[in-house]
Amino acid sequence: MKLYFYLTPLVSLILSQAAYANASSDKTTQQYIDEANRLLAAGRFNEALSSYDFAIEKDPSNYLTYFKRATTYLSLGRNGAALEDFTKILDIKPDFEQALLQRAKINLKEGFISKAKSDIKNYLKNNSASVIGNNHLEDVLETEKSIDLGEKAYLAKNYDDCIKHYTTAISFATTMPSLRLKRAKCYLEKGDIEEAVGDLTRTAALNPSDSSNLYKLSSLHYFILDDAQHALQSIKQCLTYDPEDKLCKPMFRKIKKSEKEVKKVESDVERKLYLAAVNKLAGPNSNDGLISKIENEIRQVLDTVGVTTNPRSLLYIKLAQMACTAYIGRKDGASAKHWCSEVLKYDQDNINALSGRGDAYLLNDEFEEAVRDFTKAHELSNGHDRNIQEKLNRAQRLLKQSQTKDYYKVLGVTRSATKREIKKAYRKLAGQWHPDKYKGELSADAVAKKMSEINEAYEVLSDDELRNRFDNGDDPNDPTGGQQHGAYGQGNPMQFFFQNGRQGGFPFGGESRGGHHGYQFKYQY
2 MKLYFYLTPL VSLILSQAAY ANASSDKTTQ QYIDEANRLL AAGRFNEALS SYDFAIEKDP
62 SNYLTYFKRA TTYLSLGRNG AALEDFTKIL DIKPDFEQAL LQRAKINLKE GFISKAKSDI
122 KNYLKNNSAS VIGNNHLEDV LETEKSIDLG EKAYLAKNYD DCIKHYTTAI SFATTMPSLR
182 LKRAKCYLEK GDIEEAVGDL TRTAALNPSD SSNLYKLSSL HYFILDDAQH ALQSIKQCLT
242 YDPEDKLCKP MFRKIKKSEK EVKKVESDVE RKLYLAAVNK LAGPNSNDGL ISKIENEIRQ
302 VLDTVGVTTN PRSLLYIKLA QMACTAYIGR KDGASAKHWC SEVLKYDQDN INALSGRGDA
362 YLLNDEFEEA VRDFTKAHEL SNGHDRNIQE KLNRAQRLLK QSQTKDYYKV LGVTRSATKR
422 EIKKAYRKLA GQWHPDKYKG ELSADAVAKK MSEINEAYEV LSDDELRNRF DNGDDPNDPT
482 GGQQHGAYGQ GNPMQFFFQN GRQGGFPFGG ESRGGHHGYQ FKYQY
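Residues in the sequence shown are numbered from 2 upward in steps of one, following our numbering.
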């Protein structure tokens, strides 16, 4: 019963095909041709081909049927099949000049220059006045000349001329893969990766089983253009033809692994897990981080595809931008400046990198440089980015402030210093400049003034609110900055020191008594 169930559809299919074959065999050659012509007029090209096939099967000597089938192949872009039909026609009827002309055109498109030249010259023997024929001969000769000039320009490393000549040749030999590969080389040497990838993509369509080309295409897509989607598409196309391909299989794994690591760093940066991001990007040493690994892969890719220049890699730029952001988040001004500058080396108008480097300059107390970068970022954003505007305003205030008073410099600490570091610096300076301890040659007034500056700086930087104001360009001790009496109530920056530290929390537990020029000090550690 089960056997009957499975055999019934199969028998029905065989019988229906046999019936179709019998019905088809009843048609004449002309009926097939008429049927094909109707289908062709209706735009049903593949069905028309089937009818032409039947007609040719019935009458293989009818060169006109071959001609019609060849033109149908051309409509479908199947130049190779059309070329075979035109050759068959000329075997049957050598004096069919239209077939000779059409074959000459296809040979030129396919890049068979010698054959195209031979065909068109044979055509012109009996049609010397033919405008179409003579124009086609000029096209063939121009293509031949352009290919030769393109080769010479490449060898001379004149890549602009190389591109120009091959572009001319490609305009005639439109489906010749080797010409696009040669022009791609010129683009690669010039550093124009996008154009090179365009040529390699077209070549992959013309010759889809070329694993070497697909490997190059995938490598450039990912490691240079940061396009994982198209990189994987190309490498999968390669693996379709050979799942164990020695180039494509390792590249597939490499792209998958690298992209997974990149996504993890992106997630860390988005969640402001800057330490985790830095650890992944930089690694425990300079050779273990993701950035170093990607740099090595980029060098290998460029060597493999034969590029001697150093084109910009969008993947590297993305990683450098993430490093710029992460190091800013870590308050590491030196490292942030390096990586933000790396981005700007390849993309000088990158607003995020300019803003990031401006932040790095602020961390390093390089206020003029910060103002410069924020100004450029502000201009590039057409003044529409409020965050950049605020950063620019702050940098300008800090620049002005640095030209008058800088509490960080007074204590000898960086803007990213912790409270503990600030307190340690203060203790050291106070021990050096306290009037009771000072052993230099300065006058008592000069020493008292220096100690006053140290106390003033510590009072501001040890207070979170006052420090935040100062970091935003507002000096708490500047009467013009919105505080009439400064941070010390009555404007005497020494007062907190001489009042047993009660005003600002002097960290040594001292007390005042009479002494130098009206000041008395008792200093206790």
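For each residue, glycine too, the CB sits at the ideal point set by N, CA and C.
For residue i, which residues in the same chain have their Cβ closer than 7 Å to its Cβ, ignoring the five residues on either side in sequence?
{"i": "S336", "result": "Y328"}
{"i": "D350", "result": "L381"}
{"i": "Y160", "result": "C187, E190, K191"}
{"i": "D246", "result": "S212, C239, L240"}
{"i": "F68", "result": "I90, A100"}
{"i": "N127", "result": "E98"}
For residue i, does the count of other Cβ atoms within 10 angstroms reach 16, so buried, or fall short, so exposed?
{"i": "E271", "result": "exposed"}
{"i": "L75", "result": "buried"}
{"i": "S259", "result": "buried"}
{"i": "Y427", "result": "buried"}
{"i": "A283", "result": "buried"}
{"i": "E457", "result": "buried"}
{"i": "S444", "result": "exposed"}
{"i": "L77", "result": "exposed"}
{"i": "S235", "result": "buried"}
{"i": "Q402", "result": "buried"}
In this structure, does DSSP put residue i in helix, strand or coil?
{"i": "Q31", "result": "helix"}
{"i": "Y439", "result": "coil"}
{"i": "Q433", "result": "helix"}
{"i": "P477", "result": "coil"}
{"i": "A130", "result": "coil"}
{"i": "H379", "result": "helix"}
{"i": "Q234", "result": "helix"}
{"i": "D228", "result": "coil"}
{"i": "D86", "result": "helix"}
{"i": "V414", "result": "coil"}
{"i": "P95", "result": "coil"}
{"i": "H166", "result": "helix"}
{"i": "V141", "result": "helix"}
{"i": "P178", "result": "helix"}
{"i": "F368", "result": "helix"}
{"i": "Q397", "result": "helix"}
{"i": "R79", "result": "coil"}
{"i": "K283", "result": "As written in the sequence, residue 283 is Ala, which differs from the Lys given in the question. Note: A283 maps to helix in three-state DSSP."}
{"i": "Q103", "result": "helix"}
{"i": "N123", "result": "helix"}
{"i": "R358", "result": "helix"}
Which same chain residues end up closer than 6 Å to residue i when comparing Cβ atoms and leaving out the 5 residues on each side of it in sequence?
{"i": "S147", "result": "H166, T169, A170"}
{"i": "R104", "result": "F87, D120"}
{"i": "E454", "result": "V411"}
{"i": "R395", "result": "N473, G474"}
{"i": "N365", "result": "G334"}
{"i": "A277", "result": "D269"}
{"i": "D360", "result": "I329"}
{"i": "E298", "result": "F224"}
{"i": "L355", "result": "D374, K377, A378"}
{"i": "I292", "result": "L282, L320"}
{"i": "L50", "result": "T73"}
Within the present structure, is the beta-carbon of residue i separated from the nearest heavy atom of the ligand ATP by less than 8 Å?
{"i": "S76", "result": "Ligands are entirely absent from the displayed structure, and the ligand ATP is therefore not among its contents."}
Which stretch, first to last residue, makes up the alpha helix (DSSP H) that contains residue i?
{"i": "F46", "result": "46-59"}
{"i": "G199", "result": "194-207"}
{"i": "V468", "result": "Note that residue 468 is Arg in the sequence shown here, rather than Val. From DSSP, the alpha helix (DSSP H) with R468 extends over 465-472."}
{"i": "L248", "result": "L248 -> no alpha helix (DSSP H), and no H or E assigned at all."}
{"i": "E454", "result": "445-462"}
{"i": "M323", "result": "315-330"}
{"i": "Q349", "result": "Run containing Q349: none; DSSP gives neither H nor E here."}
{"i": "M67", "result": "Note that residue 67 corresponds to Tyr in the displayed sequence, not to Met. First-last of the alpha helix (DSSP H) with Y67: 64-76."}
{"i": "D304", "result": "291-306"}
{"i": "A43", "result": "Per DSSP, A43 belongs to no alpha helix (DSSP H) and is neither H nor E."}
{"i": "I218", "result": "For clarity, residue 218 is Leu in the given sequence; the question names Ile instead. Per DSSP, L218 belongs to the alpha helix (DSSP H) from 212-220."}
Using a Cβ-Cβ cutoff of less than 8 Å, which residues in the same chain neighbour residue i once the five nearest sequence positions on both sides are dropped?
{"i": "G413", "result": "A426, L430"}
{"i": "Q397", "result": "V372, G474"}
{"i": "K122", "result": "L138"}
Counting contacts by CB-CB distance shorter than 9 Å, is residue i in contact with chain B?
{"i": "Q322", "result": "As a matter of chain content, chain B is missing from the structure shown, which is built from one protein chain."}
Query raised in the report: At a cut of 8 Å, does the region 147-155 reach the region 127-139 through at least three beta carbon pairs?
Result: No, the region 147-155 is not in contact with the region 127-139.
Requested in this report: Pair every Cβ in the region 188-197 with every Cβ in the region 299-310, then say whether three or more of these pairs are closer than 8 Å.
Outcome: Segments in contact, yes.
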